[in-house]
Each structure stands twice: as structure tokens, then as C-alpha cells.
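In the working numbering, the protein residues as written are 3 to 570. For glycine and all other residues, C-beta sits at the position ideal for the given N, C-alpha and C.
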């Protein structure tokens, strides 16, 4: 078939136009990727958004301006202040921030921390209000970021009682600074207040992705949102995962206590509340939860009535009380009523029924156990000293239970609940001897692996068989301990963990001990001495000693402890 010259020209024009269009589209796409808005791709982390989620970086402030130039010990203090702030220790946090600002008055990250402490305060004095105004001006001047201005204005609007304005400003801040996790968290909190829970969950999950799963507050918020939504399975999953990273998080422990109550596990819930109060005796929510043990019901968004465990027990009361009145000599029936009272947390009534049984038949099976259950569990008030008695009872119960073969938060890093001077027999009454091997006379060692850390604890007894110390060795097996001039993750994590158990320690900074450079923190009380140290040349390894203070000399210097740290 013959093609005319006009048809050939038309086909050539079409081909050239098509080719030019493809090339133009390619160059436009390439130019947009190179010169258009910067983007970030999120990694896959637990409870974050799907891996590969793309976000526009947006207009975000750089909080870490000047942070890299700080000494290592000062950086650790800044991190510790933020941790204290998250745990409700606002007073201690602001003291640390203020101490740092004396030496570094223009440090942006510290001013940011002080701002949030003031915003989270229940009330502000006139001096604090003046300081807040000064800090806002200073931060806005340094950041010159439109998204940051919107975020600060949102915070201020909320502080002054204008929730709708605060919500709108937070939305705009998130749109402009889409990759800044603090904006996402704040917007999520405001969405929660107006009951837009699904949207709040989405914002919080993005914050988790942006922080690569390192934001304690984000996990707290996500668990609270799932709880408020009534999605208790997801709430449980978040809490169980987050507590492996932050075992002393009181908000997560409180929620875990609520979930235990919903399942009828009142003893577990009570232990959770006791543990929170041991960590923070002034935590009002935990005290209130303890006072209302057994009276809580799962959250629900329907209009149907909520049934508490006490309400469920009422059905058993209604059946058993008339029967016991009719057949007062029937002891199994009376026991069943007593157990129903226990289930409904009516302990005085339960105790009365069990005493009646004991009076009529002192040999009745397990009656002493029933009386003990009704006696040791009672409702607490805030003002009668019952908290101290309750905590003592918990400690007594710990000492009288079977030897523990597992490690929880309280025994990590060798914090065995055994007094100095105890005999091996007393020690192994508390902790299963099968976990240990005797490496030499009066020296016992246990080891276990909790990914990614290998733990080795060496328990030391004197020649007179008295417990006097513990040596701890923890090794990171992940191979991710390269720290590029800063303290490695394993050291920072264990330092935080020990600080939550023993309180705030004293950082020594890097010290050269005849060619061996160590960085350490020290805790000291009237009878206890602890040192946690890392060797700069061994970033994957952390060593620690806990000693009876009587075992060491007051004249010892930091480098003198190397012989102790290197012993095992």
C-alpha cells in the first residue's frame, strides 16, 4: 500500500509530538523531584503508619541547633530533663533546664523544654507568665518558622480557653510543618478533646513514624485514644509493647491496671496501682484508681448502661442472701455468699460471713485462707496512712512468695530486693537458685538474653556469707552501637532505666584513666553505692557495680573503680 507524502508528514509530526510530550513530562517530573517540595519516606515501626508513607517535609523548625556542640554530659542532662518532664517531674525538669540555661542561655532545645513545662502546668504565677511571654518571643525570633508560630499560637489559645481556635491553628501548623512530630501530637490531643478519635489516632500514628518509634508520649497518647474509643485489644497491644521500652511509664501502667480490672483480675490491677504509687506517691489518678478498685467498667460509646464488677456481683447477692437467711446452718451456702462479696469488693461483709463459718466449724476447709483474703484487701482512703501500710504489705508479700525465676523492671540491672548482709539462704529464698551457677566460692552468676541485650549479673557474698554487692555486664548484640562521638543507645537506655529505679545520678563526663577512657554515672546513699560506666573504646558494652557502702573507702576516686568494673 502506497503512503502519500502528506500522510508521512502527519505521522512524523504525531511521533515527534508524542516523543516531545514524554520528554517534557519526564523533565517536569525530574524537576519537581529535585526542586519541588522536599519529602520524607517513613520507615515501618510498630503502631506507626505503613512503611513507605510519604510526607512533605514542610516548614519545620530545627530544635537541635547548637545541641551537637554541647559536652556529652550536658546532652545527657538535657535528655534526662525531657524524660522527667514526661514522667510528671516538671519541677525537677525545669531545675535542670534552668541550670543548663545559665551556661547556654540561647540553647533553643532547652527553651523549648521550658515552654512545654510551663504550658503543662496547672496554674502559672505572675512571674511564670512573664517568663512564658519572654520565651515565646525568644523562640519565635530564633525559629522564624510560620508553622512554629501557628503551633505556639495554638498552645496559647488553648491556655486561654479557646479550644476551637486552638484546634484550627494546630491543623494549620500540621499542614505547614507536616513532618514535625510535636505538631502532630498536639493536633491529636486536641482532636481527642473534641472526640474525633479516629483522626486523632491517625495523627498519633504518624508521630510514632516520624520519631521512628522513640516517642514515649506518642505511645501514651495512642493507648489512651484506643482506650477512649473502646478498642481494648489494640489498647492492650500498645501498652504491652510500649512497657517493654518504657517499663516505669505511670500512664501506661495505670491503663494496664484498668484493663486488668475490666477482665476481673483485681489482684493484678492492685499491683499495678501499688507499683505506680511506689514510683510516684503523689500520683492522684493511681490513688483514686486504688480507692475505686472493682468499680470500673470498660468505656463505651453506646447509650446502654455500663455494668461494673460490683453490679455483676449484685445478682449473686440477690440469690444467695435470702437462701442464707433461710438456711443459716448451711456453711457451703454461706461460703458462696462470702465469695460473692469478695468478687464484688465488699470485704467487710465477706469477712463477716467467713467469721460465722469459723465460729460454727473451726476446721472448715480453707476458712483461714478465706479470712485472710477478706482481711488483707480493703478499700483505701487517702488520709489514714493506709498507703504506707499497703506498700509494706506488698513488700512483705514479695518476701514470702516462692523464689522468682523471672526478671521484671524492679530486678533489672541487679536490683535484687534483698538487704545487704543477707545470707545465701535468704537470697535464694527470693530468687530461684536454678538461675545461678556458683563460679567460685561465695560468688554466684546468672545470665539471660532480652533482645538485643545480653545480661550477666554476678552476686557477691563475703567470706562470712553476707551479701554485699552485684556486678552487672550488659552487651548489645545488635551491632548498632556505633555512636559517632556521642553516648551509644545502650548506655543512654540503661542510664535512664537505672535513674527510674535509683533516682537521678551524678554524671562524671569522660575521664581518662591511664589510657582507658570511661564515661560514668554515680548514685550514692547512706548505705548504697552504684556506678554505671561505659568504655569509650567498647560502645556495645556497659558495666555496673552495686555495693554496700561499707565495702568501699571514702577516699576512692573514679578510676579506682576500674578494678571492680573489670572483675567479671
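N-terminal and C-terminal residue of the beta strand (DSSP E) that residue i is part of
i           : result
residue 551 : Segment: none, residue 551 is in no beta strand (DSSP E) and carries neither H nor E.
residue 463 : 455-463
residue 41  : 41-43
residue 439 : 439-442
residue 530 : 530-537
residue 511 : 508-515
residue 447 : 445-452
N- and C-terminal bounds of the alpha helix (DSSP H) containing residue i
i           : result
residue 64  : Unbroken run through residue 64: none, as it is neither H nor E.
residue 243 : 234-247
residue 99  : 92-105
residue 85  : 74-88
residue 259 : 252-264
residue 428 : 426-432
residue 491 : 491-504
Inter-residue Cα distance where the pair is residue i and residue j
i           : j           : result
residue 194 : residue 227 : 7 Å
residue 485 : residue 16  : Note on residue 485: pLDDT 49, under 50, position unreliable in the model; the coordinate value appears next. C-alpha separation (whole angstroms): 59 Å.
residue 104 : residue 76  : 12 Å
residue 425 : residue 464 : 9 Å
residue 86  : residue 517 : 35 Å
residue 335 : residue 349 : 17 Å
residue 289 : residue 94  : 22 Å
residue 294 : residue 272 : 10 Å
residue 442 : residue 212 : 50 Å
residue 332 : residue 358 : 11 Å
residue 132 : residue 78  : 29 Å
residue 83  : residue 466 : 43 Å
residue 475 : residue 251 : 25 Å
residue 321 : residue 327 : 11 Å
residue 549 : residue 530 : 6 Å
residue 570 : residue 460 : 8 Å
residue 19  : residue 43  : 35 Å
residue 511 : residue 521 : 5 Å
residue 445 : residue 472 : 10 Å
residue 164 : residue 218 : 27 Å
residue 150 : residue 197 : 25 Å
residue 292 : residue 281 : 15 Å
residue 8   : residue 23  : 22 Å
residue 156 : residue 115 : 17 Å
residue 434 : residue 421 : 17 Å
residue 399 : residue 201 : Unreliable placement is indicated for residue 399, whose pLDDT of 45 sits below 50; the coordinate value is still reported in the next sentence. Spanning the two alpha carbons is a distance of roughly 45 Å.
residue 169 : residue 347 : 42 Å
residue 121 : residue 172 : 15 Å
residue 88  : residue 143 : 26 Å
residue 495 : residue 536 : 12 Å
Residues near residue i in its chain [Cβ-Cβ closer than 7 Å; skip 5 each side]
i           : result
residue 215 : 47, 48 and 50
residue 323 : 339
residue 278 : 252, 255, 256, 285 and 288
residue 351 : 343
Cβ-Cβ distance between residue i and residue j below 8 Å
i           : j           : result
residue 180 : residue 56  : no
residue 119 : residue 96  : yes
residue 415 : residue 432 : no
residue 63  : residue 127 : no
residue 225 : residue 240 : yes
residue 175 : residue 167 : no
residue 492 : residue 544 : yes
residue 524 : residue 508 : yes
residue 134 : residue 113 : no
residue 92  : residue 123 : yes
residue 567 : residue 551 : no
residue 223 : residue 191 : yes
residue 534 : residue 560 : no
residue 206 : residue 234 : no
residue 111 : residue 69  : yes
residue 360 : residue 423 : no
residue 301 : residue 229 : yes
residue 259 : residue 275 : yes
Beta carbon proximity, residue i to chain E, threshold 8 Å
i          : result
residue 69 : No chain E is present in this structure, which holds just one protein chain.
Residues near residue i by beta carbon distance below 6 Å, same chain, minus five either side
i           : result
residue 553 : 470
residue 372 : 356
residue 450 : 457
residue 185 : 153, 175, 176 and 179
residue 106 : none
Residues near residue i in its chain [Cβ-Cβ closer than 8 Å; skip 5 each side]
i           : result
residue 532 : 500, 504, 507, 524, 525, 526, 546, 547, 548 and 549
residue 65  : 110, 111 and 114
Next item on the list: Can you check the stretch 277-359 for any alpha helix (DSSP H) of at least 4 residues that lies completely inside it and give the ranges in chain order?
Entry: 286-293, 311-328 and 333-345
Notebook entry, point to check: Residue ranges of each alpha helix (DSSP H) run of no fewer than 4 residues wholly in the stretch 172-222, ordered along the chain?
Noted result: 183-195 and 199-212
Item checked: Segments of 3+ residues assigned as beta strand (DSSP E) that fall wholly inside the stretch 121-152 -> none
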